[in-house]
Every structure is written in structure tokens, then in C-alpha cells.
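**Q**
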Amino acid sequence: MEQYPKDEFDELAEARTLRGAHRKKRSPLRVLIPFLAVLIIAPALGWGVVELMSQDGMTNPFVAADESDEESEAGESDDAADGGSGDAEGTADPSGDETDNGTDPADPTDDTETADPTDDASEEPTEEPSEDIETLAPVPGVSYDASVLLYNGTGVPGGAAEAESTLRTAGYTNITVQDYAGATPANDAIYFASNELYATGQNVAQNLVIDFWAENAGMTGASDIVIYIR
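The opening position of the sequence shown corresponds to residue 1 in full-length UniProt numbering, with each subsequent residue numbered one higher.
1) Could you compute how far the alpha carbon of S130 sits from the alpha carbon of A137?
2) Which residue's Cα is closest to the Cα of N195: F35, A37, G141?
3) In whole angstroms, what separates the C-alpha of A160 from that of T154?
4) Note down, in chain order, each residue of its chain lying with its Cβ closer than 7 angstroms to the Cβ of L197, except the 5 sequence neighbours on either side.
5) Could you say which of A214, Y228, P157 lies nearest to E182 if we only look at CA atoms?
6) Going by the beta-carbon positions, is the gap between Y191 and T220 smaller than 9 angstroms?
7) Could you work out which residue in N152, G158, A205, P34 is closest to L167 when comparing CA atoms only?
8) Sorted by chain position, which residues of the same chain lie with C-beta nearer than 7 angstroms to T114's C-beta, five sequence neighbours on each side aside?
9) Pop quiz: Y172 and V148 are said to be a contact at Cβ under 8 angstroms. What is the actual Cβ separation, rounded to whole angstroms?
10) With H, G and I counted as helix, E and B as strand and the rest as coil, what does DSSP make of F212?
11) Using alpha carbons as the reference points, say which of D188, F35, L29 lies closest to I210.
12) According to DSSP, is N195 part of a helix, a strand, or is it coil?
13) Leaving out the 5 sequence neighbours to the left and right, which residues in its chain are closer than 7 angstroms to G201 when beta-carbon positions are compared?
14) Using the C-alpha atoms, what's the distance from V50 back to L150?
15) I think R230 touches A186, with their Cβ atoms under 8 angstroms apart; what is that distance to the nearest whole Å?
16) Kindly give me the distance between the Cβ atoms of N152 and Q178, rounded to whole angstroms, as I take these residues to be in contact under 8 angstroms.
17) Sort out for me which residues DSSP pairs V177 with in a bridge.
18) Beta-carbon separation of E162 and I175 under 9 angstroms?
19) Could you tell me the distance, in whole angstroms, from the CA atom of P157 to the CA atom of S54?
20) Does the beta-carbon of L208 have 16 or more other beta-carbons within 10 angstroms, so that it is buried, or is it exposed?
21) To the nearest angstrom, how far is it from the Cα of A217 to the Cα of A199?
22) Along the alpha helix (DSSP H) that carries V31, what are the first and last residues, could you check?
23) At what residues does the alpha helix (DSSP H) containing G218 begin and finish?
Here is the structure:
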């Protein structure tokens with residue numbers, strides 16, 4: 001090959017450090033940026049959704065159910081305390097009546113009056129019939145003869161007695177109570193078998209103050225409505 005003397009273009013070519021086609025090396029940060037964005041944006045979005053729900057007044061049904069259970073237990077303890085004070089007052093009344101009336105325990109006429117309580121005792125069973133339950137006014141569209149299975153999942157014998165009494169007062173007549181040892185659902189829940197029982201399931205939930213109720217034929221089995229009390 002014929003050699004030519006170096007000119008200014010040859011000098012510029014020798015001064016360059018990069019020769020031929022090349023690409024600029026990419027920074028590792030460009031690869032990590034999408035992952036960092038996901039790690040930062042996802043928690044921020046979750047926090048924003050929670051804040052929005054709390055501002056709109058939305059509540060968790062399971063938390064609300066736990067609060068209603070605590071309120072009902074507090075009400076039962078208050079009723080028990082009131083009943084105990086009432087019994088104490090009732091036992092104190094007879095002694096007060098005797099002192100106020102000034103009766104003499106040695107008076108034979110007083111003994112004859114207190115010794116014959118057969119008439120009052122015989123009338124008590126007829127005055128207080130235990131099977132008669134005063135029911136509330138019926139609600140249109142509610143099937144009060146629907147088969148209701150009430151599961152006692154409290155782990156306490158008779159833990160569903162209050163719920164059964166409430167439903168009978170509301171007018172429901174076909175109620176079966178059974179103990180339940182399953183783990184789910186974890187909170188009070190109501191399931192109804194079909195859409196035709198929507199109004200009935202809603203009425204049961206309102207009477208028992210249970211927030212969660214839904215249509216689920218797989219949970220009801222042979223019953224129209226299944227209730228889990230926790």
C-alpha cells in the first residue's frame with residue numbers, strides 16, 4: 001500500500017480514544033428505578049385508600065361485629081347488676097312492712113292470715129304462662145316461617161340463647177340451635193340460601209345487630225338461613 005504523509009485528519013484520528021461504532025454504557029440506576037418506584041408508590045397508594053375509607057365513614061364489618069358483641073356483653077352485666085339490686089330490695093320489703101304496720105307476731109289473727117297462702121300459690125301458674133311470647137309487628141316480605149339454624153360458636157353453653165330469644169320475639173317460629181366448634185367464620189355472620197330470602201336475611205341481621213350477611217347456598221345447606229354467633 002502506498003504511504004502518504006500524515007495530514008491534519010490523521011492527527012485527529014490518532015487523538016481520539018474511541019474508534020468504530022460504540023454505545024454508551026448504561027447506568028445501573030436506570031435498571032433499578034422501576035423497582036424503586038413500585039416499592040415507594042404501592043405503600044403510598046395503600047395508605048391513601050385506607051385514609052379515604054376512614055374519611056368516607058366506611059367501617060370494617062368484622063370490627064363492628066366485635067364492638068357490638070362487647071356492647072351486648074356490657075349490657076348483660078348491667079342487667080345482672082340491676083337484677084341483683086332489685087332482689088335485695090325485694091327481700092328487705094317484708095321486714096319493713098312488718099315494722100310499719102306494727103303487727104304483733106304473737107297475735108293469733110295474724111298467724112291465721114299468713115298460714116293460708118294456697119289461693120295465691122294456685123293462681124301463679126295461670127298468671128305467668130311461660131310459652132306465650134309477645135312478638136313484634138310483622139315486616140312485609142319477611143318469611144317468619146323460614147328454617148333458621150343458629151350456631152353457638154361462643155364456646156359457652158347457652159351462648160346463643162339471647163339471639164334465639166330475640167328472633168322469637170321478632171316473630172320467627174322455626175329456629176334450631178346447635179353448638180359450633182369450627183374456626184370459620186371468625187366473627188358473627190348470617191347466610192341466606194337464595195335471593196328470595198334477601199328481605200328475611202336483612203331483617204334477621206337488623207334484629208341481631210350483625211353487620212355481615214350475604215347470600216351463600218353453600219353455607220346454608222338444608223336450612224334457609226344459617227347464623228353464626230361468636
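Glycine included, every Cβ here is placed at the ideal spot set by N, Cα and C.
**A** Quick look at the numbers:
1) Bear in mind that the predicted position of S130 carries a pLDDT of just 45, short of 50, making it unreliable; the figure below should be weighed with that in mind. Distance between the alpha carbons of S130 and A137 is about 20 angstroms.
2) G141
3) 8 angstroms
4) S143, A146, D224, I225
5) The sequence shown places Gly at residue 182, not Glu. Checked all of A214, Y228, P157; the closest Cα to G182 is Y228.
6) yes
7) A205
8) Legend: pLDDT at T114 = 49, less than 50; position of this residue unreliable, value from coordinates given subsequently. Nothing listed; no residue qualifies.
9) 6 angstroms
10) coil
11) D188
12) helix
13) I190, F192, W213, I225
14) 34 angstroms
15) 7 angstroms
16) 7 angstroms
17) L150
18) no
19) 37 angstroms
20) buried
21) 16 angstroms
22) 28-55
23) 217-220
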